[in-house]
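Residue numbers (the working numbering), protein chains in the order written: chain A, 61 to 231; chain B, 1043 to 1147. Quick reminder that beta carbons are idealized off the backbone N, C-alpha and C, glycines included. Bear in mind the structure is a predicted one, so any value in this text is a computation, not a measurement. What follows is one structure encoded as structure tokens, with my remarks underneath.
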Amino acid sequence: MTWHRFKNRLIARVITRFPSLASRFVESYAPWESEDVPWTPLTKPLSACTVAMVTTAGVHHRDQPPFNMTDREGDPSYRAIDFTRPMDSLMITHDYYDHKDADRDLNIVFPVERLREFEREGVIGRLAERHYSFMGHITGPHIVTLVNRTAPEVAGLLKQGGVDAAVLTPG
Amino acid sequence: MGLIQRELERSGIPTVGISIVRDYSVKVKPPRSVFLRWPFGHPLGEPFNVSQQRVVLAEAFRALCGIRQAGEIIDLPYRWRRERYDEADIHAILAPCRREKGPEA
């Protein structure tokens, strides 16, 4: 492992243990202050909605390429996650938070099993077939790629999948 | 996370985000958020604490159904440890989502 990756993992471990340090750390990469707030009303009852999950926790299937951890400005790409595959087909590549606990139980960052329960119980109408995952540490020019290209691409894919609402989770 | 959330919402998909960094949500302004002062890497709580995870997800859905003010952040009352979670809570949390229709725009 390179020094760069080692250092990032060390910081991640420290700020997970001492959350009071995190706010100062995070301030430096809160990318900008937005002016407007986009808004789409929810027009269906939740029990009739197809719901998808989008995470920035760096989740991906083991047979997909991992997120790029050597680019200091992050990786704005995404991975499609297939919920019909078993949970143990999933793993996390993300050096900027400590995912030891999430490696033991992915539901704490990507609540696949909880959503399946809510689907069975009729809380939500249906779970989407495809969900999407990013790696949340993105700065510099990659922010533009994320906002102008990869995030709108995922929006298009969600719409193609008939998704009525999305839940977002961080790492 | 907030930036992606904003783009999905802008494309016509209603969204809710689970935030663990309040300052970030205040700056980036995603349309709907629930906030928990919990450690990084634990937005839904602790490993294998199924009730805790269900409560957080239910709170996210309540926010999705109930928030009418774009950019609102709901500060959830749960402490990181020493909380009890049970199924009755989840039923109550989800009550606003069981109405016939979603909120009017």
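Practice item. Would you please state the rounded distance, in angstroms, between the beta carbons of A:GLY221 and A:ALA112? I believe it to be under 8 Å. Key: A Cβ-Cβ distance of about 7 Å is found for the pair A:GLY221 and A:ALA112, placing them in contact under the 8 Å criterion.
Review point. With DSSP run on the structure shown, which of helix, strand or coil describes A:THR199?
Key: The answer is coil: DSSP assigns A:THR199 none of H, G, I, E or B.
Check your understanding: Under a Cβ-count criterion, where at least 16 other Cβ atoms within 10 Å of its own Cβ denotes burial, should B:GLU1101 be classed as buried or exposed?
Key -> Buried is the label assigned to B:GLU1101, since at least 16 other Cβ atoms lie within 10 Å of its Cβ.
Review point. Hey, which unbroken runs of the beta strand (DSSP E) at 3 residues or more fall wholly within the region 156-212 of chain A?
Key: Taking only runs of at least 3 residues, the beta strand (DSSP E) segments lying wholly in the region 156-212 of chain A are 190-193.
Practice item. Take B:TRP1122 and list the residues in its own chain whose beta-carbon comes closer than 6 Å to its own, dropping the five residues that flank it on each side. Key: Cβ neighbours of B:TRP1122 beyond the five flanking positions: TRP1080.
Check your understanding: Cβ of A:VAL183 within 9 Å of Cβ of A:THR115?
Key -> Result no, Cβ atoms of A:VAL183 and A:THR115 do not sit closer than 9 Å.
Exercise for review: Starting from A:ARG139, follow its DSSP beta bridges and name the residues at the other end.
Suggested key: BP columns for A:ARG139 point to A:SER193.
Exercise for review: For A:LEU70, count neighbouring C-beta atoms within 10 Å of its own C-beta (all shown protein chains included) and say buried if the count is 16 or more, exposed if not.
Suggested key: Burial call: exposed.
Check your understanding: Taking the C-alpha atoms as reference points, what is the distance between A:HIS159 and B:ILE1132?
Key -> Distance from the CA atom of A:HIS159 to the CA atom of B:ILE1132, rounded to whole angstroms, is 27 Å.
Practice item. Check B:GLU1114 in the structure and name its three-state DSSP category. Key: Collapsing the DSSP output to three states places B:GLU1114 in a strand.
Check your understanding: Should B:ILE1055 be flagged as near chain D, meaning a C-beta pair shorter than 9 Å?
Key -> Protein chains A and B are contained in the structure displayed, whereas chain D is not.
**Study point:** Contacts around B:GLY1144, its chain only, beta-carbon distance under 7 Å, and the 5 residues preceding and following it disregarded
**Key:** Because B:GLY1144 sits at a pLDDT of 46, beneath the cut-off of 50, its placement in the model cannot be relied upon, and the following sentence gives the value as read from the coordinates. For B:GLY1144, where only same-chain residues beyond five positions count, the Cβ hits under 7 Å are CYS1107.
Exercise for review: Check B:GLY1059 in the structure and name its three-state DSSP category.
Suggested key: Looking at B:GLY1059 - three-state DSSP - the assignment turns out to be strand.
Review point. Roughly how many whole angstroms lie between the Cα atoms of A:ASN128 and A:TYR138?
Key: Roughly 11 Å separates the two Cα atoms.
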